[in-house]
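In the numbering used here, the protein residues as written are 70 to 209. A virtual CB, placed ideally from N, CA and C, is assigned to each residue, including glycine. Inspection log for the structure reproduced underneath, given as structure tokens.
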Amino acid sequence: MTALIRIALAVLFLDEFVVGFWNQAYPESFYTNFPTVTLTPPFSEHYARDFGGATLGIAVVLGIALVAPRAAFTIPAAAAFSVFAVPHFFFHLTHLDHATSGEAVLLTTGNAVVALLGLFVIALTLIRDAGHRRRATEPS
70 MTALIRIALA VLFLDEFVVG FWNQAYPESF YTNFPTVTLT PPFSEHYARD
120 FGGATLGIAV VLGIALVAPR AAFTIPAAAA FSVFAVPHFF FHLTHLDHAT
170 SGEAVLLTTG NAVVALLGLF VIALTLIRDA GHRRRATEPS
């Protein structure tokens, strides 16, 4: 189960690191080149860099949880990610007016997968640790 948790954390870490770094270092490039971002103008360098920094912050806690996948790290990291990802998914789900069919599929599917992945990490960690507690209390 820890392997599944690590795989999910690795996917989330890479996603947040790439998006965060790109936004922080090259905000105008991100706005211009990342699929569907230009659907919600106007560009704001301040907003893009702030979003990039916050996203990198989430990547840091996801990275710590990836290296040391204890509940004390995985649950807060996945919760921090989910606090962003779940509302982000619903925003895009309800703002598809100017999106092409392909963009709409990308936005809804991609955002749903990562939003669920954060919740999946929390659930797997709780299930894994409940099993550890049960085994620890069973008589030998």
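>> What would DSSP say about F112, mapped onto helix, strand or coil?
In response: In the three-state reduction of the DSSP assignment, F112 falls in the coil class.
>> Between which two residues does the alpha helix (DSSP H) holding P145 run?
In response: If you look at P145, you'll find it in the alpha helix (DSSP H) that goes 140-162.
> Is it right to say Y116 is buried, meaning 16 or more other beta carbons lie within 10 angstroms of its own, or is it exposed?
Replying inline: By the neighbour-count criterion, in which 16 or more other beta carbons inside 10 Å mark a residue as buried, Y116 falls on the exposed side.
> Does the beta-carbon of L81 have 16 or more other beta-carbons within 10 angstroms, so that it is buried, or is it exposed?
Replying inline: Buried, since its Cβ has 16 or more Cβ neighbours within 10 Å.
> At what residues does the alpha helix (DSSP H) containing E85 begin and finish?
Replying inline: Per DSSP, the continuous alpha helix (DSSP H) segment holding E85 begins and ends at 71-94.
> Short check: CB of T105 to CB of L186, under 8 Å?
Replying inline: Against a cut-off of 8 Å, the Cβ pair of L186 and T105 comes out as no contact.
> Of the residues G171, P156, A146, which one's Cα is nearest the Cα of F189?
Replying inline: Of the listed residues, the one whose Cα sits closest to F189 is A146.
> Comparing alpha-carbon positions, which option in L135, I144, Y95 lies nearest I196?
Replying inline: Residue I144 holds the alpha-carbon nearest to the alpha-carbon of I196 among L135, I144, Y95.
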